[in-house]
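If you use mature numbering (1 follows the signal peptide of the UniProt record, and there is no 0), the sequence shown corresponds to residues -21 to -1, 1 to 249, in order.
The beta-carbon is built from N, C-alpha and C at its ideal position, and this holds for glycine as well.
Owing to the predicted nature of the structure, the values given are computational and were not obtained by experimental measurement.
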Amino acid sequence: MKLKQLIQLTIVLSAIGMLSACQKSSPQTSLDKIKSKGVLTIAMSPDDPPFEYQTIKNGKNTIVGSDVDLAQAIGKKLGVKVKFQTMDFNNVLTNLGMGKVDMAISDISYTPARAKTYDLSKVYYHTANVLLIKKSNVNKYKTLSDLDGKKLAVQKGTIQEQLTQQKLLKTTAISLSQMGDEVNELKSGQVAGSVMEEMSAESFVSVNPDLMIAKITLPELSNSSGMVVALPKHSSALKSKVDAVIDQLQKDGAIDQSVKKNYALSQANK
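Quick look at the structure:
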């Protein structure tokens, strides 16, 4: 082969190699995938009013709540339809990590550990954790030390489970799949209390007159801070869109309004 032809062949092969490398380094992003299929699939555990819960609407079982409103706003921003995949909370992030859904919105609290595994949006709502007890035990449980040796119900995979296991060391965490199961265990006397997010606890108290929120200030996990949307790792373009929606909703006061609206609706539907 002549030297000139060899040089030309080398140049062509180099160009092909560079093109192939560029194609490999630029895979389809999470945002691209969502837009190409026209549907945003979201993992959610709809047992946590007023954030996500189920109700009958026009004769059909429907998922509603402030997190649902947020999801719809994100879908509108992206110009796609929204589809919810419902599951127990402890499977929400697992399904996201396995690529079965595009994002997770389900009263998910920020933690550094979660931030290592997923891209997390900016915090869109802050809330506190409380202890739900029977009214008949109001004088029995006044301080944290009164809980020593007691069983406390928590939902699997939640910050409340971590809090109980890491901060309330003299108690035993009873991990359950559904928040309704926590209430049932409490009402039947199987546990002394249930550690819940405050708005959720208030929702259960409103329809269970024998329950109340204990006047005990629970410790907080130092590494948790507010509710976030969870996305696949390396989803910077998608995260930017989600954060923009959150910024606008917070600016308009829409998230607080949605929480209040859905809290009222959750009570009216019970």
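Assigned exposure category for I35 - 16 Cβ within 10 Å defines buried:
As a working note, residue 35 is residue 56 in the sequence shown. Per the 10 Å Cβ criterion, exposed.
Quick check on DSSP: helix, strand or coil for C1?
For the purposes of this step, residue 1 is identified with residue 22 of the sequence shown, where counting begins at 1. Residue confidence for C1 is low, a pLDDT of 41 falling below 50, so the modelled location carries little weight; the figure read from the coordinates is stated next. In this structure, C1 counts as helix in the three-state DSSP scheme.
So what's A223 in DSSP terms, helix, strand or just coil?
For the purposes of this step, residue 223 is identified with residue 244 of the sequence shown, where counting begins at 1. For A223, the secondary structure class from DSSP, reduced to helix, strand or coil, is helix.
Helix, strand or coil: which one does DSSP assign to Q33?
As a working mapping, residue 33 is identified with position 54 in the sequence shown. The answer is strand: DSSP assigns Q33 an E or B state.
Return the chain-ordered list of same chain residues with a C-beta closer than 6 Å to the C-beta of A107, the five sequence neighbours on each side being excluded.
To locate residue 107, count along the sequence shown from 1; it is residue 128. Only E177 meet the Cβ criterion.
May I ask you to report which of helix, strand or coil DSSP gives M191?
As a first step, residue 191 is located in the sequence shown; it is residue number 212 there, counting from the start. M191: strand per DSSP, three-state reduction.
Identify the continuous alpha helix (DSSP H) that holds K130 and give its terminal residues.
In the sequence shown, residue 130 corresponds to position 151, counting from 1. Run containing K130: none in the alpha helix (DSSP H); it sits in the beta strand (DSSP E), 130 to 134.
Pop quiz: V174 and T143 are said to be a contact at Cβ under 8 Å. What is the actual Cβ separation, rounded to whole angstroms?
For the purposes of this step, residue 174 is taken as residue 195 along the sequence shown, with counting starting at 1. For the purposes of this step, residue 143 is taken as residue 164 along the sequence shown, with counting starting at 1. Contact between V174 and T143 holds: their C-beta atoms lie close to 5 Å from each other, under 8 Å.
Of all the options T122, D26, Q33, S45, which has the alpha carbon lying nearest to the alpha carbon of I192?
On the sequence shown, position 213 is the one that residue 192 refers to. Looking at the Cα atoms, T122 is the closest of the given residues.
With DSSP collapsed to three states, give me the class of L49.
Counting from one through the sequence shown, the residue named residue 49 turns up at place 70. Helix.
Same chain, Cβ closer than 6 Å to K146, five either side skipped, listed in chain order:
Walking along the sequence shown from the start, residue 146 turns up at place 167. Cβ-Cβ distances below 6 Å link K146 to P198 in the same chain, with the five nearest sequence neighbours on each side left out; the list follows chain order.
Within the segment 77 to 160, ranges of the beta strand (DSSP E) (whole runs, at least 3 residues):
You should have 82 to 88, 108 to 113, 130 to 134, 151 to 155.
Out of curiosity, what's the CA-to-CA distance linking I234 and T65?
For the purposes of this step, residue 234 is taken as residue 255 along the sequence shown, with counting starting at 1. For the purposes of this step, residue 65 is taken as residue 86 along the sequence shown, with counting starting at 1. Here the alpha carbon of I234 sits roughly 22 Å from the alpha carbon of T65.
Using CA coordinates, which residue listed in S115, L111, D125, I53 is at the minimum distance from Q139?
In the sequence shown, the residue the question calls residue 139 occupies position 160. It is L111 whose Cα lies nearest to the Cα of Q139.
Reference I195; option with closest CA among F30, E31, N118, M77:
By 1-based counting over the sequence shown, the position of residue 195 is 216. Ranked by how close their Cα comes to the Cα of I195, the residues F30, E31, N118, M77 have N118 in first place.
Can you find at least 3 beta carbon pairs, one from the segment 91 to 104 and one from the segment 225 to 233, that sit closer than 8 Å?
Counting Cβ pairs under 8 Å, three or more are found: they touch.
Helix, strand or coil at G172 [DSSP, three-state]
The residue labelled residue 172 in the question sits at position 193 within the sequence shown. DSSP places G172 in strand when its eight states are reduced to three.
Roughly how far, in whole angstroms, is the beta-carbon of D46 from the beta-carbon of D86, given that I think they are within contact range, below 8 Å?
Along the sequence shown, read from residue 1 onward, the residue named residue 46 stands at position 67. Along the sequence shown, read from residue 1 onward, the residue named residue 86 stands at position 107. For D46 against D86, the beta-carbon gap comes to about 7 Å, under 8 Å, which counts as contact.
Closest residue to S182 among E31, G136, V133, T41 (Cα-Cα distance):
As a working mapping, residue 182 is identified with position 203 in the sequence shown. Minimum Cα-Cα distance from S182 among the listed residues E31, G136, V133, T41 corresponds to E31.
Taking the alpha carbon of residue 250 as the reference point, which residue from K130, G17, T8 has its own alpha carbon closest?
Here the chain comprises residues numbered -21 to 249, so residue 250 is not present and cannot be evaluated.
Does the segment 155 to 173 come into contact with the segment 75 to 94, if we say contact requires no fewer than three beta-carbon pairs (one atom in each stretch) closer than 8 Å?
Contact check between the segment 155 to 173 and the segment 75 to 94: fewer than three CB pairs, one atom from each, fall below 8 Å, which does not count as touching.
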